[in-house]
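What follows is one structure encoded as structure tokens, with my remarks underneath.
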Amino acid sequence: MLKNLTGIFFFTFLIVATGCSDSVLNNPYASGEGSSNVIYSSFSERPKHLDPAKAYSSNEYAIIAQIYEPLFQYHYLIRPYQLEPLSAKSMPEIKYFDKDDNPLGADATVSDIAYSEYWLTISDGIQFQPHPSFNLELHKELPTDIDAEQLYQLPSTTRVLTSDDFIYQIKRLADPATQSPIAGLMANYIIGLSDFSKRQSALIKQFPSLRKTQRLQSDTIAGVRKINGQQFVIKIKGKYPQFVNWLAMPFFAPMPWEADEFYSNPILKAKNITLDWFPVGTGPYYLTENNPNRRIVLAKNPHYHPAFYPKEGSIHAQKIGLLKDAGKQLPLTDNVIFSLEKESIPYWNKFLQGYYDASGISSDSFDQAVNFSSSGSAGLTDNMLERNIGLQTAVTTSSYYLGFNMLDKVVGGNSEANKKLRQAISIAVDYEEYISIFQNGRGVTAQSIIPPGIFGHLEGEKGVNPMVYEWRDGLKRRSIEKAKELLKEAGYENGVDSTTGQPLVLYFDTMDSGPDSKARLNWLRKQFKKLNIKLVIRGTDYNRFQEKMRNGNAQMFMWGWNADYPDPENFMFLLYGKNAKAVHGGENASNYQNPTFDTLFEQMSTMENSPERQEIIDEMIKISREDAPWLWGFHPKAFSLYHSWYKNAYPNLMANNKTKYLKIDSDLRKKYQEKWNQPVVWPLIVLLIIVLILLVPAYLMFKRIERSTAL
Amino acid sequence: MINYIIRRLLYVIPVLIGVNVLTFILFFVVNSPDDMARMQLGDKHVTQASIDNWKQQRGYDLPLLWNEESAGLSKASNTIFFTKSVGLFVFDLGISDNGRDIASDIGQRMWPSLAIAIPSLIIGVLVNITFSLLLIFYRGSFLEFAGVFFCIALMSISGLFYIIVGQLFVGKMLSLTPISGYVPGLDAIKFIILPVLIGVVSGLGSGVRWYRSLFLEESAKDYVRTAKAKGLSDLQVLFKHVLKNAMIPILTGIVVILPLLFMGSLITESFFGIPGLGSYTIDAITSQDFAIVRSMVFLGSFLYIIGLLLTDISYTLVDPRVRLD
């Protein structure tokens, strides 16, 4: 009994001893961190890359967009999305040229424009973050016992940003050793990028020991030229208005050659201290700790250039008081701590304890957080309201769709019968039900390929897809009878092929074949069953699925697309014939080809937003709705919760560098954390009493056994 | 014994070659080098040229097992299998397909795994042995019945349930420990209390029942009766004689897993945010990172063999009758 009591005492002591430095015992952060001006965020899987030439996913951008600053950014509060200068002094000056390099006017026709030049001027006096790579002495000699934690203890300095840093980064994009995901795409536009890449490849083979910085600096890209330290020009093929959107992505953020040189040291490489993990930027924050298996910490860049909270915003932003900090110097917080949180349950519980400032809502916790009113609008539950938690919702600029392979004999092609079959299926598959069951109501049914928030999307009656819906005081899905009628016209009355007399069997290819997706696949079978069509699920792994898609062997599939930038071209190109995946290796996964659509696409893609462009888009949408290469599916709706101390949050689906605008009331957070996390010890006392009570009969029996005879 | 150890160590080489061949075949049956490149480069805008470039830079542009274009021994050595395997036998784990030094990653991640695994093992074994000996002590009484019932109940509950309820009850409702997280050094104590506690409790049912069966078998032997006849108390018999004689199977179970402790626990580390090695291999399989998969399988096999060898050696320490020839 004495041993047990000692154990319990020791356990209690341990808890108190380890937690005594804090006012609460369950604080997952180091002492004192909770009271500082810090944002607590998380990441669910370690980012693959933090090199802006390689990173291309949202979890990577959440970190690097706070560190690297490209030339342009999306205005935080203005809608529709609008680009503005970031490290650039102004928006680019664009000059057009014909095939003989003669200058053309701004009103030149697309067919005349052979080249465009983007004249880019950067702001004065921008400096890089403090970093040891700018201390050139360290390039010659580094302490051999250095580790990641000591990196920032090395003597650091900075230098002023120049146009060379942007040019160096473009060379890095083209460098075969970097393996940038957009190298192939950009080679189609930037003059000389492809040739530069080939020459670099040859240099690597010929002189394998040549230093990367030397190799890149020894050559130039024909379409990228320096005017002076503040200005440079990028020359691209033809007219490509969306190019400026690419310039707002981290791919085109400046990179100092010193960083590349510094990190090429084998001592650092052996410790996994590379440019891919320890960025060097000009942004509002710089990385001070990177343990991608535990946490990533950013601190305010002491050399950050003057940048201020916006003074204007959308009416909605003004209405909810988001201009209170207008004109204040950015960033508004000193640190950001991203902790690795792989599982949603602990993440959610820590959010409720006040240890994360904001949270998405997983399916597991959706009912705890959100309820829908009779009118269908989402609101917070009483439990959330008691905690002063706020809710923001926004329809994402993404599309999740069910595609038909247009090369398939049964569901594809342009014949009237097959078109009617696809239209019938479009009506039968009830995406309202799908959103309700599998998305907890978080989504809106798609009426076309273009999601809300992107130019070309039309709201209300004008935006309805008449092939699937009708407008009767709101959106109404066409009846299943209409679908059956279309099916009959397609030659499959009651799901039976009129030519063979055999039941119609269709195939759905998917990588989701595990138990988690069983309900979803059963639901899909049920939707086809409405038309007496037998749906066969062909489950496979990721590699085989991708292979089937590349070879055009799938019949039907589900896929999605997230916007790279807010332009209809970035969605319409998914149906452009020259992007057909099985034919040209592009992103048109359904291999849809319609000559009229393609011509309109070529016309629309080079236009500025205007009523004329809207007309063309309307026509393209009409054609694609009739051809129905996709079941348009849905656009997911993002739900975010945030605590009352988390200020200035505003949904912006294009901007990745939002952290600098956020503000934390750390005193309020501390107050709530203490209120919500007071240790409760009485259950331990009850447990102790129960154990003591149980020990009494055990002790009595022990004495009895001890007193009994041995044999 | 030295001869025995040397012989066993020499057996390691063919076993590891076999494991390496098997890993290689299983991996490349499912994933081609092109698939690996696509996985690393992402889905968007990837061209065949980028894929070829990725393969060339990492040596995946070579034939898998046999290079017809090479001459002589190079037919076998100028292949993916040879170039990726040869370093392993001198414990050069190389660079992951994602560009990170694998040995450095393992060196960094093994400590948090050990911080959970070692206390869980030590406390777990002590608690299990104590409880199982007490069950033997109270054999035939309602306490034994209640104890066995309790053990079966504990065994019947999923490990994940312990974690979720433990986090909810101790971390959230009682607010006594952080729900998840980790900091290095002594501050780690407050983060490892809960996972260790849950590890011990979740293993209690099966552990106690296993040790109980060992001790039951031992306590039926003649020397126990003799000891009791000589007037030793039941407690003395159990803790001094039965425990000592049941050490061989206990050691078999413990020593064999000792080298593998640093490999960590997938679910525990994932739920508690412990930056250990638990998910290292699984993450590598998911991201089709062959360099990590082959290194971890190789290392795991090697450590398992070493564990078995240590078990054999430990027999000689606890049982003088055992001789290794």
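Protein chains in written order, with my numbering: chain A, 1 to 711; chain B, 712 to 1036.
Yeah, the Cβ is synthetic: ideal placement off N, Cα and C, and Gly gets one too.
All values derive from a computational prediction rather than experimental measurement.
Across the region 796-821 of chain B, CB contacts with chain A closer than 7 Å involve N809, G810, R811, D812, S815, D816 and R820, in sequence order along the chain.
For F72(A), the CB contacts under 7 Å within the same chain, skipping 5 residues up- and downstream, are L83, E84, P85, L86, A88, V244, L247 and A248 in chain order. Following the DSSP letters along the chain, one finds Y56(A) in no alpha helix (DSSP H), marked with neither H nor E. For the C-beta of M701(A), the chain B residues within less than 8 Å are, from N- to C-terminus, Y849, S852 and L854.
Chain order gives the chain A residues near P889(B) as N26, N27 and P28, where near means a beta carbon separation below 7 Å. Per DSSP, reduced to three states, the secondary structure at I345(A) is helical.
Comparing alpha-carbon positions, the option among H635(A), P595(A) and R613(A) lying closest to S624(A) turns out to be P595(A). In the DSSP assignment, T963(B) falls within the alpha helix (DSSP H) that extends over M958 to V966. C-alpha of Q439(A) to C-alpha of V496(A): approximately 33 Å in a straight line. According to the DSSP assignment, G633(A) belongs to the beta strand (DSSP E) that extends over W630 to Y642. For R199(A), the enclosing alpha helix (DSSP H) begins and ends at L193 to Q206. According to the DSSP assignment, R477(A) belongs to the beta strand (DSSP E) that extends over L475 to R477. Cβ neighbours of G910(B) within its own chain (closer than 6 Å, five residues either side excluded): S831. Under the Cβ distance rule, L185(A) counts among the residues neighbouring chain B, one pair being separated by less than 8 Å. For V919(B), not one C-beta of chain A is nearer than 8 Å to its own C-beta. Residues of the same chain with a CB within less than 6 Å of the CB of K647(A), apart from the 5 flanking positions on each side, are K663 in chain order.
Neighbours of N532(A) in chain B, taken as residues at a C-beta separation under 7 Å, are lacking, since the least C-beta distance is about 35 Å. Taking 9 Å as the cut-off between beta carbons, the residues of the region 751-776 of chain B near chain A are Q751, L752, G753, D754, K755, H756, V757, T758, Q759, A760, S761, N764, W765, Q767 and Q768, in sequence order. T659(A) is the residue among Y672(A), T659(A), F166(A) and R707(A) whose C-alpha sits nearest the C-alpha of P284(A). When secondary structure is reduced to three states using DSSP, R749(B) falls in the helix class. In terms of beta-carbon proximity, T274(A) lines the interface with chain B, with at least one pair separated by less than 8 Å.
Nearest CB-CB separation between L340(A) and chain B: below the 8 Å threshold.
By the criterion of a C-beta distance shorter than 8 Å, M556(A) is surrounded in its chain by L402, G403, F404, N405, V411, L506, Y507, F508 and D509, once the five residues flanking it on both sides are discounted. Across the set D627(A), S58(A), E602(A) and T121(A), the C-alpha of E602(A) shows the shortest separation from the C-alpha of I616(A).
Three or more Cβ pairs drawn from the region 908-928 of chain B and the region 828-843 of chain B lie within less than 8 Å of each other, which places the two stretches in contact.
Here M467(A) has Q423, S426, R625, E626 and A628 as same chain residues with Cβ atoms under 7 Å from its own Cβ, once five neighbours each way along the sequence are excluded. Between N764(B) and Q179(A), the CB-CB gap stays under 8 Å. Beta-carbon to beta-carbon, A649(A) and A358(A) are separated by about 7 Å, close enough to satisfy the 8 Å threshold. With a cutoff of 8 Å on beta-carbon distance, I190(A) and I221(A) are scored as near each other. Under DSSP, A826(B) takes part in no beta bridge, so it has no partner. Between the alpha carbons of A53(A) and R472(A) lies a distance of about 50 Å. By the beta-carbon neighbour count (other beta carbons within 10 angstroms, threshold 16), W777(B) is exposed. About 5 Å separates the beta carbons of F973(B) and L825(B), which is inside the 8 Å limit, making them a contact pair. For R159(A), there is no enclosing alpha helix (DSSP H), as DSSP marks it with neither H nor E. Of the candidates V444(A), V160(A) and E312(A), the residue whose Cα lies closest to the Cα of S377(A) is V444(A). With a threshold of 8 Å between beta carbons, L879(B) makes contact with chain A.
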